[in-house]
């Protein structure tokens with residue numbers, strides 16, 4: 010059976026991808042950030058999954074205003090990096106897992122989450138920058154990816170509660186997939202940032218640090234935080250952080266199991282206009298099958 | 256009942272909601288067309304001609320010509336769409352974003368390195384009254 014083994018949380022700032030693409034990671038501005046990523050990359054090299062369910066938002070690249078799905082699931086065998094206006098990033102295509110996508114669709118939609126199923130979409134920095142952060146610059150990404158795209162651009166956007174519940178449904182879907190697969194769920198975006206208006210450049214370090222603490226130890230409480238608090242405290246684009254709750258909802262403790270183990274936490278300001286966060290939580294080991302032969 | 260918009264009392268911030276999306280539909284669709292290199296070339300070669308292909312308002316076209324991002328946002332633009340205009344101009348996000356503030360790109364970068372703009376004094380509209 011497929012199993013969720015860990016959740017990963019990371020900002021997906023475009024400039025971090027650009028720094029790698031242009032070989033600027035050892036410059037003074039970026040060196041501390043990339044040094045901070047090293048433990049996460051080492052962990053990932055030792056724990057590369059078969060498939061990542063990668064939760065991110067499209068930034069007006071796959072979806073125009075013609076339609077804006079609240080939750081969209083990629084169904085394809087391959088996704089091409091988008092040209093966001095600066096030319097496409099020089100990174101490998103993202104290889105999908107259509108069979109797992111189909112299984113997730115059948116399971117999650119029948120649990121009343123109305124996913125939009127997308128058979129053809131480019132993927133933007135929301136998807137490719139997390140891959141670059143975690144895997145560096147390989148000739149091909151070392152695992153398959155199932156993109157799960159959340160609208161956090163056009164209000165109203167889904168609530169933190171809804172995102173957490175989607176994560177729970179996602180866990181049930183993955184655990185009912187017959188093939189043996191090691192699956193991670195990645196929640197991406199944030200942390201505090203605002204990219205528009207005279208208040209642009211807002212960063213709220215105490216709020217971000219509290220978020221990092223709460224998403225680990227009080228995810229239910231964090232899920233009840235209203236959108237307006239994210240916007241007021243963490244900036245208009247800080248709302249991306251609700252997507253971390255999808256990954257958190259997929260951990261065992263929210264399905265009656267043990268608490269996850271924190272193996273990595275990073276917080277850094279700034280990258281471009283944004284505060285950068287990163288977390289890795291290993292899922293609690295599955296309880297051993299009950300031994301019914303013993304009295 | 257009016258739409259519930261608890262975010263209207265945040266200063267210097269326009270939340271891109273359904274009303275803004277309706278107002279800015281063609282402005283944003285125009286901006287998104289610049290994802291294609293051929294369209295970026297056509298736009299750069301003759302901005303007026305390219306803009307006239309879109310049923311945008313005169314105000315929206317003027318805001319684009321003047322690269323007034325605050326005005327574009329007021330008229331229904333969203334930053335992720337509008338960033339494609341900046342990309343066509345060869346600008347990065349720091350340059351685009353800082354143009355909406357009182358800082359230039361260099362001062363904005365310094366502010367970010369120093370920890371960014373504090374939320375203190377920047378949470379509620381009334382905190383900005385009399386200051387700007």
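Protein chains in written order, with our numbering: chain P, 10 to 304; chain F, 256 to 387.
For each residue, glycine too, the CB sits at the ideal point set by N, CA and C.
As the structure is a prediction and not an experimental result, all values here were calculated from the model.
According to the DSSP assignment, residue 293 (chain F) belongs to no beta strand (DSSP E) but to the alpha helix (DSSP H) extending over 292-300.
For residue 51 (chain P), the enclosing alpha helix (DSSP H) begins and ends at 40-55. Boundaries of the alpha helix (DSSP H) harbouring residue 280 (chain F): 280-288, taken from the DSSP string. For residue 310 (chain F), no Cβ of chain P is located within less than 9 Å of the residue's own Cβ. The DSSP-derived three-state label of residue 383 (chain F) is helix.
The beta carbon of residue 30 (chain P) sits no closer than 9 Å to any beta carbon of chain F. Under the Cβ criterion of 9 Å, residue 236 (chain P) is counted among the residues facing chain F.
Taking 9 Å as the cut-off, the beta carbon of residue 103 (chain P) is found no closer than this to the beta carbon of residue 179 (chain P). By the neighbour-count criterion, in which 16 or more other beta carbons inside 10 Å mark a residue as buried, residue 270 (chain P) falls on the exposed side.
Contact note: residue 284 (chain F) reaches chain P through 73, 74, using a C-beta cutoff of 7 Å and chain order. Here the alpha carbon of residue 337 (chain F) sits roughly 13 Å from the alpha carbon of residue 316 (chain F). Within chain F, the residues placing a beta-carbon under 7 Å from that of residue 245 (chain P) are 268, 270, ordered along the chain. Residue burial is scored here from C-beta neighbours: residue 139 (chain P) has at least 16 other C-beta atoms within 10 angstroms and is therefore classed as buried. Shown in chain order are the members of the region 312-337 of chain F whose Cβ falls below 7 Å from a Cβ of chain P: 325, 328, 333, 334, 335, 336.
Interface residue (Cβ-Cβ distance to chain F less than 9 Å): residue 68 (chain P) is classified as such. Considering only beta carbons, the part of the region 367-382 of chain F lying closer than 7 Å to chain P consists of 367, 368, 370, 371, 372, 374, 377, 378, in chain order.
Annotated as proximal: residue 49 (chain P) and residue 273 (chain P), with beta-carbon spacing under 9 Å. In the DSSP assignment, the residues bridged to residue 16 (chain P) are P:194, P:290.
Exposed is the label assigned to residue 359 (chain F), since fewer than 16 other Cβ atoms lie within 10 Å of its Cβ. Exposed is the label assigned to residue 381 (chain F), since fewer than 16 other Cβ atoms lie within 10 Å of its Cβ. Interface annotation for the region 249-273 of chain P against chain F: empty, criterion Cβ-Cβ distance under 7 Å. Among the residues of chain P, those whose CB is under 9 Å from the CB of residue 289 (chain F) are 94, following chain order.
9 Å or more divides the Cβ of residue 284 (chain P) from the Cβ of residue 355 (chain F). Residue pairing by DSSP places residue 372 (chain F) opposite P:211 in a beta bridge.
Beta-bridge annotation (DSSP): residue 125 (chain P) is paired with P:81.
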